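So the structure is just underneath, and the comments pick up after that.
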Amino acid sequence: MAIFIVRHGETEGNASRMIQGPETPLNARGMAQAAAVAERLAREGVERILVSDYARARMTADAVQRATGAPLEVDLRLRERDFGDWRGVSHDEIPWFMDDDVVPPNGESWEAFHARAVGAWECVARNAGEADGNVVAVTHGLVCYSFALHHLAVPAGIEVDRGFHNTSVTVADSRAPWAVTTLNCTAHLDRAIEARIAQAS
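Residue numbers for the sequence shown follow the working numbering, beginning at 958 and rising by one.
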């Protein structure tokens, strides 16, 4: 059995490089990406879906649920790092916002964020241990990064960075030591995405 960790689809905030809050929905490209990753996961025997409560993650997970029929459970610990007062601000205005020693005003430090991600991972791992099928966690880029950095056994020689792509899929064995077989994969995103966007517009 396996754990599938999925980043949400694209939003206008992603496209325009804005620091986002909870309410940002998927844009047209993000909806097409969500449909594509849902098609990919429909063949994977998904038994449970865990998801952040942020709109962009919920919309992505809803597509996965429709494709798989698996029950969906919201876990607040799967939320993106809280950037506090910097939400709604362009990356270009505060290019240092991701630096290791920076704490956003009224937001989370890296230490606090990674500590929260520990609880999120424990929930994902517990669900994987209880399930007879595969488990999907739909979350955010920095949560994917935290999981890969601190909880997954990434093959030697592969560097884990913060650049997880929209609807990327990371797959790990559902038993400790959580060996990664696929990291930050977007093989499901191809020209069909552009075709779907064109058809919707």
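Don't be surprised by glycine CBs; every beta carbon is placed ideally from N, CA and C.
Keep in mind that this is a model prediction, so the values were computed, not measured.
R1005, enclosing beta strand (DSSP E) - first and last residue: 1003-1008
Taking D1042 as the reference, give the member of L1035, P1062, R1036 with the closest Cα. P1062
Is it buried or exposed, W1135, if we count other Cβ atoms within 10 angstroms and call 16 or more buried? buried
Using the Cα positions of G970 and P982, report the straight-line distance between them to the nearest angstrom. Going from the Cα of G970 to the Cα of P982 covers about 9 Å.
Rounded Cβ spacing between V1100 and A1077 (contact assumed at less than 8 Å): 7 Å
DSSP beta-bridge partners of C1142: Paired residue(s): V1126.
Are the Cβ atoms of T1138 and V1128 separated by less than 7 Å? Cβ atoms of T1138 and V1128: closer than 7 Å.
Grab the span of the alpha helix (DSSP H) containing R1023 for me, first residue to last. 1012-1025
If we count the other Cβ atoms within 10 Å of its Cβ and call it buried at 16 or more, is H1107 buried or exposed? exposed
May I ask you to report which of helix, strand or coil DSSP gives E996? helix
Alpha-carbon spacing of S1066 relative to V1060, whole angstroms: 5 Å
Closer than 6 Å: is that where the CB of R1036 sits relative to any heavy atom of the ligand NAP? Questions concerning the ligand NAP fall outside what the structure shown contains, since it holds no ligand whatsoever.
Tell me the residue span of the beta strand (DSSP E) that contains E1030. Residues 1029-1031.
Taking C-alpha atoms, which residue in E1116, T1025, M1016, V1003 lies nearest to N1123? M1016
Report yes if the CB atom of E980 is closer than 7 Å to the CB atom of A1012, and no otherwise. yes
Rank I1115, F1040, V1093 by C-alpha distance to the C-alpha of V963 and give the top, closest one. That would be V1093, whose Cα lies nearest to the Cα of V963.
If you run the structure through DSSP and keep just helix, strand and coil, what is A959? strand
Smallest Cα separation from Q1022: which of I976, V1081, E1001, R1034? E1001
Would a C-beta distance cut-off of 7 Å place R986 and H1048 closer than the cut-off? no
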